[in-house]
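Numbers 8 to 551, taken from my numbering, label the letters of the sequence shown in order. Working notes, beginning with the structure itself.
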Amino acid sequence: MQKHKMKSNLPIPLLFLSLLFSFSWAALGLTHQQQHHSFLQCLNRHSGDANSISTVIYTQTNSSFSSVLEFSLRNARFSTPNTLKPLVIVTPSHVSHIQATINCSRTHGLQIRIRSGGHDYEGLSYVSQVPFVIIDLINLRSIDVDAENKTAWIQAGATIGELYYRIAEKSSTLAFPAGVCPTVGVGGHFSGGGYGMLMRKYGLAADQIIDAQLVDVNGKLFLDRNSMGEDLFWAIRGGGAASFGVVVAWKVKLVPVPSTLTVFTVNRTLEENGTMLVHKWQSVAPKIHEDLYIRLFLRAVNSSQQEGKRTIQASFVSLYLGRADELIDLMQESFPELGIVKEDCIEMSWIQSIMYFPSDIPEDAPLEILLNRTGSAGIFKGKSDYVTQTIPETALEGLWQRFYEDETESLEILFSPYGGNMDDIPETETPYSHRAGILFNIHYAVGWSEEDASESQRYINFMRRLYRYMEPYVSKSPRRAYMNYRDLDLGTNNNGPYTSYKQASKWGLPYFDKNFNRLIHVKTSVDPTNFFRHQQSIPSLSRG
């Protein structure tokens, strides 16, 4: 597969890199000086191509260091003067660079963070509490689409926008069931599950993975699922691959879609029977035909009927795998209260629907915008829930009151329906266990503009109050959560190599339920010293 290389603005010979790196650690004493000089020499020895690796290493004294660090950093809550920065960023252009970084980090006692698109909600792909190195996969993003066999090999540094674009180049009737944000990296998105508008028809992104390539804790490259073994292959498809190694590439099945699809976005406020419609949606969206997906966004807006008053707007956003006339018939039969008419509907191709759903893509933008990895870093806190019984109208009315608090200017709550194919896939098929019996997932997000400790804490505290309010109305024992909406409030591991099962289960059971035990078994087998670790990585229970 072709390797795409992001060239440094300031190529520096490896020896000079070593001197610069050592100088930055001079204040820590000769031992650290020698250690980190030795680390860069180690990279040189293990990479197999010294000239190549010298152009993809960025130390803190490199003028490009900050721009490389911040390019794929999506939550500015973790970009402050007090945030610990990586000692080195490696942007590998070859698998040997990954192998060298793993081997040398182990030898020199450094942790690794693995970054694909940088969308981790708690910054765990680029933040650490102890000295660390980032492997940024941005240069490994080639995509090979085989339309005839309906498959694709995707390097882990690619974004889902790049994947969608490459599929559309080859076919107008093939698609892939992943998320709606085009700058999300496939490395993390796929390995945490990855859901989107095709979920009720085809399941998750992880459900379509049929092969993978991975570098393990020993720096060994596994070229396919057979060589890595079925347990490890199972674990990386929904269990968070960064706990087990560095995924280099995924092979996925592509799915068929009609040449013409239909979308609509219909907004209703409380004054337009919004509460009743949201309540009814809960019993319709998870049970309607699997070709129809209706998401629900909730936010506070200015009332159009009463000047100076705020109200709640429910946005019903839909994708139907078929034409508008069929969709209208289906809506009139299953959800006539919403009042969908033909004028609400837009027929388009699948790739046009990919452009339709993200709110930050202009209506007249060319398809090539899907190749643009540049994105702004917001400041936000997110949480998630799963719902197994409909939320009563009285509880919804209490939820509306939370939208009127001071911290809610950018609060958005998203309900994403399950059912359809998600009910048919066994909960043990992959580590992603949230299957049959789930009505919908809830995503909570609140953002703010000023990054200082007092402002951040005020908004985080609001989110925690909202989360406590919702507790009686969501799943229980465990209260489930989606790993790709990472939430450190659930619990964290120790910084050291050993974390007890009791401690890790506080966050592990919400993410994985009964699959958590099998994930620990796989982790203990393939990474017994717990080298690949962060605050919510699968722990190894071996003390060896």
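Ideal Cβ positions, reconstructed from N, Cα and C, are used throughout, including at glycine. If you're wondering where the values come from, they're calculated on a predicted model, not measured in any experiment.
Exposed or buried, residue i, counting other C-beta atoms within 10 Å across all chains shown (16 or more means buried)?
i    : result
R472 : exposed
T381 : exposed
I60  : buried
K177 : exposed
D534 : buried
R475 : exposed
N524 : exposed
A185 : buried
T401 : exposed
G315 : exposed
N448 : buried
R465 : exposed
D223 : buried
E375 : exposed
I216 : buried
How about residue i and residue j: do their beta carbons lie closer than 8 angstroms?
i    : j    : result
V285 : A321 : yes
P99  : N51  : no
D325 : V394 : It is worth fixing the name first, because residue 325 is Ser in this sequence and not Asp. Cβ atoms of S325 and V394: not closer than 8 angstroms.
S360 : Y489 : no
L170 : A384 : no
W241 : I319 : no
I161 : V264 : no
G164 : L377 : no
S417 : R84  : no
L495 : E237 : no
G55  : S86  : no
Below 8 angstroms on the Cβ atoms is my contact criterion, and I expect residue i with residue j to pass it. Report the Cβ-Cβ distance as a whole number of Å.
i    : j    : result
A213 : Y439 : 6 angstroms
V63  : V95  : Contact doesn't hold; Cβ gap of about 10 angstroms is too wide.
Y300 : P424 : 7 angstroms
G199 : G245 : 7 angstroms
T536 : P504 : 6 angstroms
Y209 : V262 : 5 angstroms
T415 : L446 : Incorrect: roughly 25 angstroms between the Cβ atoms, too far for contact.
R493 : L131 : 6 angstroms
S356 : S179 : 6 angstroms
Might you give, ordered along the chain, the residues of its own chain that have their beta carbon closer than 8 angstroms to the beta carbon of residue i, omitting 5 neighbours on each side?
i    : result
V348 : I335
T108 : L50, V97, P99, I119, V140 and I142
L221 : L228, F229, M235, L239, I243, A248, F251, G252, V253, V254 and V255
If you draw a straight line from the alpha carbon of residue i to that of residue j, how long is it in whole angstroms?
i    : j    : result
Q312 : G281 : 14 angstroms
D431 : L205 : 15 angstroms
S456 : I386 : 7 angstroms
L181 : A154 : 8 angstroms
Y411 : R275 : 18 angstroms
T114 : T166 : 32 angstroms
N156 : Y172 : 18 angstroms
S547 : Y518 : 17 angstroms
V273 : D351 : 7 angstroms
K92  : H541 : 15 angstroms
R442 : G426 : 8 angstroms
T623 : Q136 : There is simply no residue 623 to check, as the chain begins at 8 and stops at 551 in what is shown.
L302 : L403 : The amino acid occupying residue 302 in the given sequence is Arg; Leu does not appear at that position. In a straight line, the C-alpha of R302 is about 17 angstroms away from that of L403.
G389 : D459 : 18 angstroms
R317 : V308 : 6 angstroms
E478 : N491 : 20 angstroms
V75  : R207 : 37 angstroms
H126 : G192 : 8 angstroms
S341 : K287 : 10 angstroms
T138 : E77  : Note that residue 138 corresponds to Pro in the displayed sequence, not to Thr. One C-alpha to the other measures close to 18 angstroms.
E370 : G195 : 28 angstroms
F538 : T158 : 33 angstroms
P373 : S149 : 21 angstroms
K294 : L337 : 12 angstroms
D231 : Q42  : 35 angstroms
A452 : N233 : 40 angstroms
Q543 : W257 : 23 angstroms
H101 : Y65  : 16 angstroms
L328 : N428 : 14 angstroms
Leaving out the 5 sequence neighbours to the left and right, which residues in its chain are closer than 7 angstroms to residue i when beta-carbon positions are compared?
i    : result
N110 : H53 and G226
R330 : T267, T269 and E354
L497 : A488, K513, W514 and P517
P365 : V187, C188 and P189
S549 : T531 and P535
For residue i, I'd like the list of residues in its chain whose CB is within less than 6 angstroms of its CB, leaving aside the five on either flank, ordered along the chain.
i    : result
L421 : F304 and H450
G175 : The sequence shown places Ala at residue 175, rather than the Gly named in the question. Taken in chain order, the residues that qualify are I358.
T506 : N500 and P546
S123 : L144, A163, G164, G192, G194 and G195
G346 : none
Flag residue i as yes when its Cβ comes closer than 7 angstroms to any non-hydrogen atom of the ligand MN, and as no otherwise.
i    : result
T267 : Ligands displayed in this structure: none; no statement on the ligand MN is therefore possible.
Cβ of residue i less than 8 angstroms from any chain D Cβ?
i   : result
S79 : Among the chains in the structure shown there is no chain D, since it carries only a single protein chain.
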